Each structure stands twice: as structure tokens, then as C-alpha cells.
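Each residue of the sequence shown is one higher than the last, beginning at 1 in the UniProt record's numbering.
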Amino acid sequence: MIPFLYVVADKEFYAPLETARDRGEVYRPAGVPDGWAGTESGIWTMWHRGRQLRGVEDGWKVHVSARPGRQQHVLDTVAAVCFEQDVAFKHMSCSLAYWWMHHKQAARQQSGKFVAAYPTDVEAARALMERLRTELDGEQGPFVLTDRRYRDSRTVHYRYGAYLPRDRVNADGTYTMLLRRPDGVVEEDHRGVSFHLPEGVVDPFVKRRPAAAGTKAAAPRRKAGTPRTEPVTFHGYTFEEALQFSNAGGTYRARELATGRQVFIKEARAHTGVAHGERTAPDQLRSEHHTLTALHAAAPGLAPQPLELFHEWEHDYLVTEFIEGETLQRWMVAHQPMLGTGRLPHEFDDYYARCEKLLERVESALERLHAAGYLFVDVSPGNVMVGEDDSVRLVDFEAAQRADADEILVMGTPGYSPPPELVGDDRRIHDDFGLAGLALLLLGPFHQSARRNPDALAHLRGELLERAPLPEPLWQKAVRFHPPRAAADGALPLPSPEEVAADPLRHLADLRDRTADALVAMAEPDHPDRVFPTIADGYRTNTQCLAYGSAGVLHALTRAGRALPDGALERLRTDAFDRIDRLGPGLMAGTAGIAWVLADHGLLDEARDLLAAADRHPLITSGASATLFGGSSGLALAHLAVYGHTRDAAHVERAAELAAALPSDAGLAPLLGADDATGLMHGRTGIALMLQQLAAVTGSDDGLERGVRLLHAELDRATDPDAPGLAFPISATDSRSLPYLYSGSASMAHAVVRYTRTVDDERLAQALPRLLASTRTTYTAMSGLFQGLAGLGFALAEQARLTGERSARADAVRGARGLFKFAVPHPTGVRFLGDQLMRFSADLWSGSAGILLFLTQLLDPAPDPLFTVDALSGAHARTPAAR
């Protein structure tokens, strides 16, 4: 899912919403009394007087929602009551925040919370809500999913939660909000999409009648966050499956009780899904119903047949025929031969022929739509259904509108909507651009790179032609709106595919150097939030860590032999110690990884202090996480790394203690990533790698047998054990099959290659070539190190370094050449887009630092580029296990 809140404020880099320069209308209560102070925090403005909340840490929060167009009136009304009753409160600071927090893609658990008030006790909360219920009588607002409404109010809601910021850091570096129950127990402050009461807390605002003798007891309450499993029936329909949720509502597969036929139902929540001023999801749904009705009369079979539009409670529902098939996005993933291994030219020929037919059918459907006087506007892969016979139907006519409308309201999908400079008098550009986007998707999903650097598409074409002939008409459809162009002002153009193929190492060295140049230029040591541009996960965790922050970027620059930007290392040191009590202990998102980088730069005392803080952290002392990313395995590796600098055997002893403290294999699942995760970062693979590294340093075989078992357990989870290339699901609940470095084939290969050089295990030896087979593709959606192409090349480069295997190096070079599909020339060098390719980023996980690390390792191989300690192999430090 695109972290859209982080792509609003800045056109170049990910940034929090509150940093946007244009905030729209600024909200402020009318008539603020003397003694009240307003303080901005993020997207909120807090109002308080003196010590109102002194000693009050948790209680009954009051949330007031407001429908579009009524924000200032609601704020003035609520503020006046809060001022009068001496209740602290906060409100959204500006219309930009309101718009995006009520948008269709907004977080459902936050939507509707326009004002939040903090009464000090139950009676104060009751008095406040009673008064607001009266003052706001007649007002309506979105239903706040985390709350209950107060009596019959349509705007006043409440929930029990924390008043003061209180949280704990998780192993992945994110934070869980906490509350303290009346009995003193601290637990998670659940902020899901349903009302939740902590244990021991009773809702004082709901009158409960005692059950009559002999009546059936109420069913037990579902645990917060637990999905409903029983079907729901109302208005003549049984809702059998929820297909998708957004802030605007859900979509469902349902069955009509009267006829038994399967139907599709779209839900629109009142006053949510805000778009184009004051239009909301119900407005959109009614418009869609009107469009479908008109089209069914004018062009039967073109659009889903509308069956009914009805209102239930406060929601609107549109019922249409159910269109069988799969989205074009899923069809592409299932059939694109570039995603497989060992595909033959005739398979590409068959695929291209099917693509051309599909596009012809989509184009024909659009022509029928245009002839009926409509534009689709959002031609995107999720809105095209492909049947088993390759028939095509357009679905989701939410954005469709009359071609002769006074104004075309654009509700498009990134990559499939034309940029403003292309929109002229011909309104069909919206559909034509989307159709071209579909063609490009079928060849390669590189829309964001193409928008920034259309010359990158030549490298995609070259890769496709290496496998099979490519129909020129199909290619021209894909690149219709991306003609080659000169690089941006002051930026040197990138080499052509032919130039790269003729002298790959020279051009890859130049790409490495220009990537490093741009990284150095991105540094802002005086920036208040970060030194290097990061991704949404960097802001959700911290901007100092290895995965998303300064430590990872400095590591990559150092490995590339580049001088660090002035002040960047000192800023990392200072920030780490300023936040030492807020950071997790982990390798990739916490103090262990920062300690490693500081030790590499000679700051050994600081490294020791950070490791000591990690050792004391509750996540470690409680044994809550065993992962390489954020748990004890990563911390053990960091101790081994600092031992490499200090030769203080206490670090090796500590690593051995951490390994010995791991539970049995059967007890590991709760200590891994969510839902029994697989892979290097969050799964058993990372633990196995730590055990091998520890054994190599100590000279003891203790742990190797267990590491082999853990790798076997990962192999047992391969999605297709008989396939030429092995791939793995992300977790027990996420079945996506991946080849990547954080989770998937590359992550397994990174550990297995080290085991095959240490132990004699036939299963691992046989698996390694099949793991590497999945890493040889150059066709990935993203470019980054941990979840993209660079990571696949990195695994191959490490295989070549450790084994001397020439074919692995050749494949790594080929993978590196594929990075030109993602490269964007810039006056400062070459930049790469980060997570989801929406904005540029410097981070190690998905951005330029990860690209730089891979290219450096490919061109100048050296031990331990990715936080291993192979160089210490044979050091044989004296540990309790080795004595």
C-alpha cells in the first residue's frame, strides 16, 4: 500500500504531512479566553490552560467529527464548550490535514477524529458530551470506528484511552501506544476499527438492563482486531466475503437471498472518502449508480449491470452483477514470463499475443464508452477484469463521468493518470494515458521510473529483446507518452543499453560514483527530523538506524570509500544518545546497528554504551524477539562486530549467551516477525545465519546443527518445492511468493551459501542452486537492496565472492545492468526512488544507499558488506562454549 500521507508534502522526497508548505485553511477557535495556550504538534493544535491534566494519564476521550464544509463551525462550537467547562482539547490544524485524514485511502482508525477532548473524569466526560450533544444537534459527521457514539448524537463519540503519550518500541522499530487500566496494568491502547474496552473497564455511558431469569447469555465479545467470521445478512443479501476495505467503505461478494445469485456490493460510509472539495463516498456512489444505469441502457454489457442502490443505517450500498475473473494486475503476475525461470521464446510469443488481444479488448470497451458520451478516467489494472477466456470487462466506474461535463474530476491511479502538462483540450487523454499505462504494465511495471526518466525504458526494451522478439506495435503502445528526452537541466544523461552492454563494468562504476555523489549531496546535517531523505518507515521508526536512517547511508558511503558529509557522523552519534531510551535494541532499526557503524568509525566507547543499552532493553531481557532485524540474533551479531574492533572476548561471550537463550525450535514462532514470518530479517533464516557466524568466530560447532534445522524448516515452506527456482511466502498469512533479500530466495541463499562451506548437508547443497535461480531475474517492481533488484544482485555477488563461482558474478553484473531501468539522472549525480517508487530516498533498505552498497560490493568485493563477520572466521575467541 502506498504510504500516501508521506507523498503529499514534498514532490521529491517522502515527508510527513505536517511539513507541507501549503496547508490550506488554518483552523483556529473563535474567541480564545485569556490563559489558554495553543501548541501545534504534527497535524494537531492542542489547547490547554495551566495544569488541567495534572495526574490524569488515561480516561474517556471525547472525539467530535465534522462533515465537509462544517469544520470551522464545529470547532468553534466544541471549543466554546471546552473553554467554558475547562477541558483540554486538540483539533486538526488545517484543511489539508482534514482532507487527507478523511480521504478514501486514509487510515480507517483515524478518520473522523476532527476534535479530541480530554475530560478529567467520568462526570466531566458526561457533562461535556451532554452539552456537545445539545449544541451540535442537527450536525452530522463520520462515524469514528474506534469509538461509540454518545446517545443519539451524530458527531460526538468516546472511547477509553491514554491521554498522555505512552508507548513501547517494537522489535521492528515501530511503536505501540499504551494505556494504564484502572487496576494499574499497562496494556496496548487498541486503535483498530472497532470499539474496545480494556479489561476491567465498564462503559459508564450505556445503560444496561439486567437479563431476565432464564434468558440466554450474550455471545462472548470478539477480541479487538479479530475479523468477523460469520456471514452478515440484511436488505435481502448475505455478505459472504469482504474483498477490500478503504476509509470510504468496503467491497463485498454477496448472495441475493431471493434468487441465490452472486452479486457485488460496494459500501459508502457517510461523510468519508472526501475528494474534490466536499464530495464524499456516498456522493461518488450515487454518481456511479447513475452512470451504470445510463450505460446499461445505452451500451448493455459494457459496464456491470446495476441491480440496486439502497441505504442501510447511515451507509449507502450499490449492488451490481458480479464480474468473474481476476484483475489485470494479477493476470500479469500470473503469466508474465519474465517473472519465471527458464522460460522459452515461444512462451514470450504466446504471452505477447495475449497481451495484444487484451489491450485491443480494453480499447474496444473504451471506444464503446466514449461513443456513449462517457470517459472512464481511471483506466488502471485494478479496474480491468480478465476472464478465463481472456475476455475483458471494465469495473469500478466510480471515476467515470460525462465527457461533456463542465469539469473533469480526476480520480486516477499513480502511473496511470496523465501529468497536468499533458492534459489539454482533448479529454480522452485520461483514458488514452491509462491504456498506455496498461500496455507498459504488461511489459514491465516501471511507470514511476519512466515518468522521472523516460530514457530508462530503453533498458527495459533491451532486457525483453534478450529473451525473445518484442512486437513493435505493443512496445509503441507502452511508450506512447514517454518519448526519449534529454536529461534534466545540468544532469548528465545515462548510457544507452548498447553502451552498457559493450562495457558494463565501466558504466557500472560510473553509476556507482554518480549514485554516491547524489547521496552526499542529499545530506542535510541541520535538518530537524533527519540527515538523509528516508521513506515512510523511517519516519514511523527512527531516522538514525541502519535500515532507514543515517547509519545505513554512512555505512554505504564508507564501504564505497567516500568521505562522509560534514557533520553527519557527529549528528548520528548525538541523535543516537539523545534518543537512546526511545530506540529499540535491534540491528536494523535500533541501537545495535548504530553501535556497529560507530565502531567501524572508531567510536568504540559509544559503541559499547549503545550495546549495553541494547542488552538492558526489555525486548532483549524478556526474550520477546529473536530476529536478525530487531531481536537477539541481530544484537549477537553486533557484539561479534565490536569484538572484531576491540578483541574483548566479553562481546563474544555475550553473543553466545544470546544464542543459548533462544527457545526450542518449536517455541520460536512467537519470537519471529508477524504471523510466523520467513526470511533473513524476520524469520528463521536470520537466526540460522547468526548461529553460523558465531560458530565461525568461536571455532565451536555448537549451534550449527540447529542452524541447519532452521534452514530446513524454511525450505519446508517453499511455495512450490519442485519448481526450478525456489520462492517462499512472507508469512503464514501472507502467501506472496518472493525472491528478495529481506524475505525470499535471496535471503535464504545469503545464509545457505555460508552453511554449505561449513557443514556437509545434502539438502542445503541441492537447494542452493535453486535458490540462486530465483535471484537471476532482472525483472522486479522495485530497485532497492532488501525488496528489489539490488538485493538479488547482491546475493549473487556474495555467492561469487565466497565461492569464486564465475557464473554467479556474471549474473550479478547482469542484475546490476538492470538498475539502469530505475536510475534517474540529477544535477548532483544519479538518484533512485525509494519504497513503492513514489519519491526519492537515500535509505539502505529501499533507496540509493542500498544501490550503492550493492554496486560497491560487485565492483570491489570485500568481506562483510551486509553486517556479517566472515572476516573474523577462525578468530577462535575464547568463550565458555569453546573452553
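All C-beta atoms, glycine included, are put in the ideal place defined by N, C-alpha and C. Please read all numbers here as calculations on a predicted model, not as lab measurements.
Enclosing alpha helix (DSSP H) for residue i [first to last residue]
i, result
"residue 429", "429-443"
"residue 56", "No alpha helix (DSSP H) contains residue 56, which DSSP labels as neither H nor E."
"residue 620", "618-621"
"residue 539", "536-540"
"residue 825", "From DSSP, residue 825 is part of no alpha helix (DSSP H) but of the beta strand (DSSP E) over 824-826."
"residue 632", "632-646"
"residue 650", "649-660"
Option nearest residue i by Cα separation, candidates the options
i, options, result
"residue 509", "856, 556 and 90", "856"
"residue 660", "633, 640 and 641", "633"
"residue 387", "202, 325 and 596", "325"
"residue 190", "458, 437, 179 and 655", "179"
"residue 840", "536, 606 and 853", "536"
"residue 34", "43, 47 and 23", "47"
"residue 253", "239, 643 and 425", "239"
"residue 793", "36, 851, 763 and 767", "851"
"residue 176", "599, 188 and 43", "188"
"residue 40", "50, 665, 18 and 31", "18"
Spatial neighbours of residue i in its chain, beta-carbon cut-off 6 angstroms, leaving aside the 5 residues before and after
i, result
"residue 408", "427"
"residue 78", "64 and 115"
"residue 10", "none"
"residue 106", "247"
"residue 211", "Per-residue confidence for residue 211 stands at a pLDDT of 47, beneath the threshold of 50, marking its modelled position as unreliable; no derived number is given."
"residue 266", "251 and 318"
"residue 221", "Residue placement at residue 221 is poorly supported in this model, since its pLDDT is 43, which falls under 50; the coordinates are not used for a value here."
"residue 514", "829 and 830"
"residue 919", "Shown here, the chain extends from 1 to 883; a query on residue 919 therefore has no answer."
"residue 225", "In this prediction, residue 225 has a pLDDT of 41, which is less than 50 and means its spatial position is unreliable; nothing more can be read from the coordinates."
"residue 778", "463, 815 and 818"
Nearest-angstrom Cβ-Cβ length linking residue i and residue j, presumed shorter than 8 angstroms
i, j, result
"residue 805", "residue 750", "Not really, about 15 angstroms apart at Cβ, beyond 8 angstroms."
"residue 725", "residue 770", "6 angstroms"
"residue 523", "residue 565", "4 angstroms"
"residue 816", "residue 775", "In fact, because the Cβ distance is near 13 angstroms, the residues do not count as touching under 8 angstroms."
"residue 318", "residue 289", "5 angstroms"
"residue 81", "residue 139", "Not a contact, Cβ separation roughly 13 angstroms."
"residue 422", "residue 481", "7 angstroms"
"residue 494", "residue 827", "About 14 angstroms separates the two Cβ atoms, so there is no contact after all."
"residue 853", "residue 844", "7 angstroms"
"residue 823", "residue 453", "7 angstroms"
Same chain only: Cβ atoms within 8 angstroms of residue i, ignoring 5 sequence neighbours per side
i, result
"residue 734", "675"
"residue 861", "797, 800 and 801"
"residue 571", "525, 531 and 550"
"residue 128", "62, 81, 82, 85, 87, 117 and 119"
"residue 223", "Here the model assigns residue 223 a pLDDT of 45, short of 50, so the residue's position is not dependable and the matter cannot be decided."
"residue 960", "Because residue 960 is not part of the residues shown, which for the chain are 1 to 883, the question remains open."
Element boundaries [beta strand (DSSP E), containing residue i]
i, result
"residue 310", "306-312"
"residue 46", "44-48"
"residue 186", "186-188"
"residue 315", "315-321"
"residue 245", "237-246"
"residue 160", "156-162"
"residue 815", "Per DSSP, residue 815 belongs to no beta strand (DSSP E); it is in the alpha helix (DSSP H), 806-817."
"residue 116", "115-118"
Cβ-based neighbour list, residue i, same chain, cut-off 7 angstroms, excluding 5 preceding and 5 following
i, result
"residue 864", "870 and 871"
"residue 585", "591, 592, 614, 617, 619, 620 and 635"
"residue 738", "727, 728, 730 and 744"
"residue 219", "In this prediction, residue 219 has a pLDDT of 37, which is less than 50 and means its spatial position is unreliable; what the coordinates show is noted afterwards. If we look at residue 219 and ignore the five residues flanking it on each side, it has no Cβ neighbours."
"residue 365", "302, 392 and 394"
"residue 540", "174"
"residue 216", "Confidence at residue 216 is low in this model, with a pLDDT of 38, below 50, so its placement is unreliable and no value can be given for it."
Any non-hydrogen atom of the ligand ATP closer than 7 angstroms to residue i Cβ
i, result
"residue 667", "What this structure holds is no ligand at all, so the ligand ATP is not there to describe."
| Are the segment 242-260 and the segment 83-99 touching, with three or more C-beta to C-beta distances below 8 angstroms? | no
| Does the segment 266-276 come close enough to the segment 303-315 that 3 or more CB-CB pairs lie under 8 angstroms? | yes
| task | Take every Cβ of the segment 169-187, pair it with every Cβ of the segment 26-36, and state whether three or more of those distances are shorter than 8 angstroms. | result | no
| said: Does the contact criterion of 3 or more C-beta pairs under 8 angstroms hold for the segment 321-335 versus the segment 372-388? | reply: yes
| said: With three or more beta-carbon pairs closer than 8 angstroms as the criterion, would you say the segment 283-303 touches the segment 342-355? | reply: no
| task | Could you tell me whether the segment 412-420 touches the segment 461-480, using the rule of 3 or more Cβ pairs below 8 angstroms? | result | no
| said: Using a Cβ distance threshold of 8 angstroms, determine whether the segment 675-688 contacts the segment 699-718, with at least three qualifying pairs required. | reply: yes
| said: Any contact between the segment 600-612 and the segment 146-158? By contact I mean 3 or more CB pairs, one from each, below 8 angstroms. | reply: no
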